[in-house]
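As they're listed, the protein sequences go chains L and F.
Heads up, the working numbering is the position in the first sequence plus 919, with the first residue counted as 1.
Heads up, the working numbering is the position in the second sequence plus 6, with the first residue counted as 1.
Read the structure below first, then the notes.
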Amino acid sequence: IAGITQAPTSQILAAGRRMTLRCTQDMRHNAMYWYRQDLGLGLRLIHYSNTAGTTGKGEVPDGYSVSRANTDDFPLTLASAVPSQTSVYFCASSYRLAGAYNEQFFGPGTRLTVL
Amino acid sequence: ILNVEQSPQSLHVQEGDSTNFTCSFPSSNFYALHWYRWETAKSPEALFVMTLNGDEKKKGRISATLNTKEGYSYLYIKGSQPEDSATYLCAPMDSNYQLIWGAGTKLIIKP
């Protein structure tokens, strides 16, 4: 692995089904993020994690959950998918230090369609 | 949460011409400003991170300036090339150290 990877690349999902989007980074970044990107809107933060073992809610957390059991992995779960969760999902990571504002590195994205 | 505005939404520029676009944000609770470049079918990539009023950063033909007192940043591209076609995102960082993303300026370079 070099950088940050996401799986699956794309998925079509029936409404009501449970789905986990996977994200793994090998840069030893302490912070990780999940965004959704919808046409005409900027990236919107769903959840974030500043370090392994901690998570926080972003701008649009409803219907999503995350966990951060270790530094490398940050899965995003949709417990019961709804059509409004059709979107492109990006995972990102950064090396976050107090007083420093390091750039975020993005995965390739997961295109999710909920029917 | 900061409100971020980028203008214009889209821009068509002739190859070889120079161009610039704007990112506006509330000047209170400002910590840093990020610029990202997002090519179609790829992921956003960081261009610049700026923190101080008056900061100017440059990478090749692309440069950016920052005015934290009035709440704006300009991105300049000199001598546009087809490979500059992309969406340019700005993202100020708020008091919780989270990036708040603008909707972007879509730049299309005409050969």
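Note that beta-carbon positions come from the ideal geometry of N, C-alpha and C, so glycine has one too.
Starting from residue i, follow its DSSP beta bridges and name the residues at the other end.
i	result
F/Phe27	F/Leu81
L/Leu962	Answer is none; L/Leu962 lacks a bridge partner.
L/Ser1006	L/Leu1031
L/Gly939	A small fix is needed here, since residue 939 of chain L is Thr in this sequence, not Gly. Partner(s): L/Thr996.
L/Tyr967	L/Tyr952 and L/Gly975
L/Ala1011	L/Tyr952 and L/Phe1025
L/Ile931	L/Thr1032
Counting along the chain, where does the beta strand (DSSP E) carrying residue i start and finish?
i	result
L/Ser984	Tyr983 to Val985
F/Val19	Ser16 to Gln20
F/Ser101	Careful: F/Ser101 lies outside any beta strand (DSSP E) and carries neither H nor E.
L/Ala926	Ile923 to Ala926
Less than 9 Å between CB atoms is the rule here; does residue i satisfy it with respect to chain L?
i	result
F/Leu113	no
F/Lys65	no
F/Tyr78	no
F/Pro14	no
F/Ile7	Low local confidence applies: a pLDDT of 49 at F/Ile7 is under 50, so the model's placement there is unreliable, and no value is given.
F/Ala92	no
F/Leu81	no
For residue i, is the classification buried or exposed, using 16 other Cβ atoms within 10 angstroms of its Cβ as the cut-off for buried?
i	result
L/Thr1039	Because chain L in this structure spans residues 920 to 1034, residue 1039 of chain L falls outside the shown range and cannot be described.
L/Arg947	exposed
F/His40	buried
L/Leu964	buried
Tell me, please, whether the CB atom of residue i is closer than 9 Å to any CB atom in chain F?
i	result
L/Arg936	no
L/Asn989	no
L/Arg1015	yes
L/Gln944	no
L/Pro1027	yes
Original post:
Enumerated in chain order, which unbroken segments of the beta strand (DSSP E) with a length of 3 residues or greater are wholly contained in the region 30–97 of chain F?
Top reply: The qualifying runs are 38–44, 51–56, 62–65, 68–73 and 78–83.
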